[in-house]
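Visitor:
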Amino acid sequence: MRQLRILKSVLDERSVSRAAAAHGLSQPAVSLTLRRLRGLTGDPLLVRGGGSLVRTERGEDVAVLIDRILSDVDHLVGRETDFDPFTSERHVRIVAATSLGPYLLPQLVKSLRAAAPNMVLEVSPMPSAAALDGLLESGEADLVLGHRELPGRDLRSEELMDCEVVCMVDRAHPAAGAGRISMAHYLRLEHLSPNPPHASMASPIDGRLAELGLARSIRAAVSEYALVPFILSQSDLVFTSARPFADYLARFGDFSVVGAPEEFGRMRFFMLWHERAHHSNFGAWLRRFVKDVLREAHVPPG
């Protein structure tokens, strides 16, 4: 198992020297361990790229596999009872809804650097619902932060928050300053969405409209929330989201945030994880950590 931990350090650090220092070994000894694994896999695993070492595609797969093996073994032999986030070198993988990005992730990274400076955080966009179950079951994702609970016999969930649904528009937009937009008015407007029309069911907004037998006119779709203020400032489009995220984005320009049609109800956010991680000390810590970060970000409870 020690060899696996050494290899994990090499792949995580992308450095033989740093891995050697972390384990109190010589660089030649760590290089020999890496060379043996390269021989077994038939792949270099780490290659030069942009002046530093980067993992190959096979290297990424091997890193995930080693992570999973070490996690399972530690849990099996009870080693995880000694879990200490401050010294842990875990590679944390979170799948998050796009809307959480600009609002939550800066605070998440800041807090993680303080609580667990040796951990590596990887945040991935939301794939299809079918793929999520597999990512959690395989250990390729530790946690999912999304808009809805998902059917899955081995998935657990906890509601994180529910928020008012609002519309964000440029201050010059005809709807700016309104207390609330009616559904009839909303459907006459043209919209900016984080989901393209062909993937509209992934959106809690378009999913709710479909439940009502309605559809809106999406004229532009961007997956990156940071672009929303720039687009709205130069268009007559409407962006619909949860209140905390719209209020946050509205700080970056002259925008108006108004109430969305009442038919949308409230937008709910859930934390999901697999049964395999439910009794893990690391998993329990990560779930508490994310909830604490949300509180620090001052997200209203509802």
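End of the sequence shown = 302 in full-length UniProt numbering, gap-free, step of one.
In this text, a Cβ means the ideal position worked out from N, Cα and C, and glycines have one as well.
Which same chain residues end up closer than 7 Å to Ala220 when comparing Cβ atoms and leaving out the 5 residues on each side of it in sequence?
Guide: Closer than 7 Å at Cβ, skipping near neighbours: Leu192, Ile231, Leu237.
Visitor: Quick check: the Cα distance between residue 317 and Ser17, rounded to an integer number of angstroms?
Guide: The first residue shown for the chain is 1 and the last is 302, placing residue 317 beyond what the model contains.
Visitor: Just how far apart, CA to CA, sit Gly24 and Val54?
Guide: If you take the alpha carbons of Gly24 and Val54, they lie about 23 Å apart.
Visitor: Helix, strand or coil, according to DSSP, for His274 in the structure here?
Guide: In this structure, His274 counts as strand in the three-state DSSP scheme.
Visitor: Take Met271 as the anchor and find which of Glu262, Cys167, Val144 has the nearest alpha-carbon.
Guide: Here the closest residue by C-alpha is Val144.
Visitor: So, is Leu32 buried or exposed, given that buried needs 16 or more other C-beta atoms within 10 angstroms?
Guide: Looking at its Cβ environment, which holds fewer than 16 other Cβ atoms inside 10 Å, Leu32 is exposed.
Visitor: Here's the rule I'm using: 16 or more other beta-carbon atoms within 10 Å means buried, otherwise exposed. How should Gly302 be labelled?
Guide: With a pLDDT of 38 at Gly302, under the threshold of 50, the predicted position of this residue should be treated as unreliable, and no value is reported.
Visitor: Please determine, among Ala277, Pro174, Pro194, Ala129, the residue with the shortest C-alpha to C-alpha distance to Arg188.
Guide: Per the Cα distances, Pro174.
Visitor: So within the stretch 31-83, which uninterrupted beta strand (DSSP E) runs reach at least 3 residues, ignoring any that extend past its ends?
Guide: If we require 3 residues or more, the beta strand (DSSP E) runs fully inside the stretch 31-83 come out as 46-49, 52-55.
Visitor: Would you decide whether Ala184 is buried or exposed? Buried here means 16 or more other CB atoms lie within 10 Å of its CB.
Guide: The residue is exposed, with fewer than 16 neighbouring Cβ atoms inside 10 Å.
Visitor: When the Cβ atoms of the stretch 157-172 are set against those of the stretch 260-274, are three or more pairs found closer than 8 Å?
Guide: Yes, the stretch 157-172 is in contact with the stretch 260-274.
Visitor: Ordered along the chain, which non-local residues of its own chain (more than five positions away) have a Cβ less than 7 Å from that of Ala22?
Guide: Correct list, in chain order: Ser9.
Visitor: Taking Cβ positions, are Pro102 and Ala226 nearer each other than 9 Å?
Guide: Contact: yes.
Visitor: Along the chain, where does the alpha helix (DSSP H) that runs through Val10 open and close?
Guide: 2-13 is the span of the alpha helix (DSSP H), which, as asked, contains Val10.
Visitor: Quick check: what's the CA-CA separation for Glu13 versus Ala19?
Guide: Straight-line Cα distance between these residues: approximately 7 Å.
Visitor: Relative to the C-alpha of Leu121, which candidate in Ser128, Arg38, Arg113 has its C-alpha closest?
Guide: Looking at the Cα atoms, Arg113 is the closest of the given residues.
Visitor: Considering only residues of the same chain and omitting the five flanking positions on each side of Lys291, which have a CB-CB separation below 8 Å?
Guide: Closer than 8 Å at Cβ, skipping near neighbours: Leu160, Met271.
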